[in-house]
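Residue numbering for the sequence shown follows numbering that gives the first Met the number 0, starting at 0 and increasing by one per position.
Yeah, the Cβ is synthetic: ideal placement off N, Cα and C, and Gly gets one too.
Data block below; observations after.
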Amino acid sequence: MIESSTEYVPHGYFPFGFPISRAARDVYGASAPRAGGILADHIGAVRGWAARIDARGARGPIDAGQLIAMGLLAEVLRFVVDKYCETYPGVTARGLDWVRGQTDKPTVEGPPKAFVHLFPPNVVYDGGQDEAAYLAKDTVGRPNRDIVTEELLLLRVAVDNPALDPFQHLFDDTELRGLTPYLILTEELERFLEGQPAFPPLSKKLSDLLR
């Protein structure tokens, strides 16, 4: 059983849980469900989004149930990452410092900046904050730079998951790969995590749980 000293509050980076690129949001639209809304609001928003994708007719039918399942999977992984970071405070920052020592400053600083532009959080996409301001602030008590680093890892996990191939166009990382050493950063972060303590409730390394 996973216990916590505080109530879990998701940071709501993406509207439906799973990664969505700016390009996909521009084409299909993807407004965040009403904050504090009930589960039915979320499910209804996903169904409406699936219908908009289908209406464009560019791809095969999109199953809203599969999108909901993909979002649940992403949120479970995000929950585990958040709880791991709560158990071992500062682990993300230590990971970035370790990667910087193994590689260089651009490898650590380039991908997060590009990610916030290419895969913006709701508050940036909707115009509530600019990208630099977002990276400098906190959300639900955690530095946004840490959150973005963890979302980079979760994007890599999603891209590498063959079960999600039908939805890759929603979170295509080709541009991010081309502009930044994002692959190197995520690979090195996973190497760092392999040397960190296991997640106590599940007795497994975080790097293993993500895969």
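Which residue comes first and which comes last in the alpha helix (DSSP H) that contains Gly109? Within the sequence shown, residue 109 is the residue found at index 110, counting from 1. That run of the alpha helix (DSSP H) goes 104–117.
Compute the beta-carbon to beta-carbon distance between Arg46 and Ala63, rounded to the nearest angstrom, for a pair I have assumed lies under 8 Å. As a working mapping, residue 46 is identified with position 47 in the sequence shown. As a working mapping, residue 63 is identified with position 64 in the sequence shown. Taking 8 Å as the upper bound for CB-CB distance, Arg46 and Ala63 are in contact here, some 4 Å apart.
Beta-carbon contacts of Leu66 that lie in its chain and below 8 Å, excluding the five residues immediately before and after: Taking the first residue of the sequence shown as position 1, residue 66 is located at position 67. Contacts found: Phe15, Phe17, Val45, Trp48, Ala49, Phe166.
Can you list, in chain order, the residues of its chain with a C-beta nearer than 6 Å to that of Ala197? Leave out the 5 residues immediately preceding and following it. Here residue 197 corresponds to residue number 198 of the sequence shown, with the count starting at 1. Non-local beta-carbon contacts of Ala197 in its own chain, meaning distances under 6 Å to residues more than five positions away in sequence, involve Lys203, Lys204 in chain order.
Using the rule of at least 16 other Cβ atoms within 10 Å of the residue's Cβ for burial, across every protein chain shown, is Asp81 buried or exposed? As a first step, residue 81 must be located in the sequence shown, where it is residue number 82. Classification of Asp81: buried, given that the 10 Å Cβ count is 16 or more.
Measuring only the C-alpha atoms, how far is Leu153 from Arg77? The count along the sequence shown starts at 1 and reaches residue 153 at position 154. The count along the sequence shown starts at 1 and reaches residue 77 at position 78. Going by C-alpha positions, Leu153 is about 8 Å away from Arg77.
Just to check my reading of the structure: Glu150 and Phe191 have Cβ atoms closer than 8 Å, yes? What is that Cβ distance to the nearest angstrom? Counted from its first residue, the sequence shown places residue 150 at position 151. Counted from its first residue, the sequence shown places residue 191 at position 192. Not really, about 17 Å apart at Cβ, beyond 8 Å.
DSSP three-state label for Arg210, please. As a position in the sequence shown, residue 210 is number 211, starting the count at 1. Arg210: coil per DSSP, three-state reduction.
In three-state terms, what does DSSP make of Lys82? The residue given as residue 82 occupies position 83 in the sequence shown. DSSP, read as helix, strand or coil, puts Lys82 in helix.
Tell me, which residues are paired with Thr138 by DSSP? Here residue 138 refers to the residue found at position 139 when the sequence shown is read from its first residue. Answer is Arg141.
Taking the alpha helix (DSSP H) that Glu175 belongs to, which residues open and close that run? Mapped onto the sequence shown, residue 175 falls at position 176. As written in the sequence, residue 175 is Leu, which differs from the Glu given in the question. Per DSSP, Leu175 belongs to the alpha helix (DSSP H) from 173–178.
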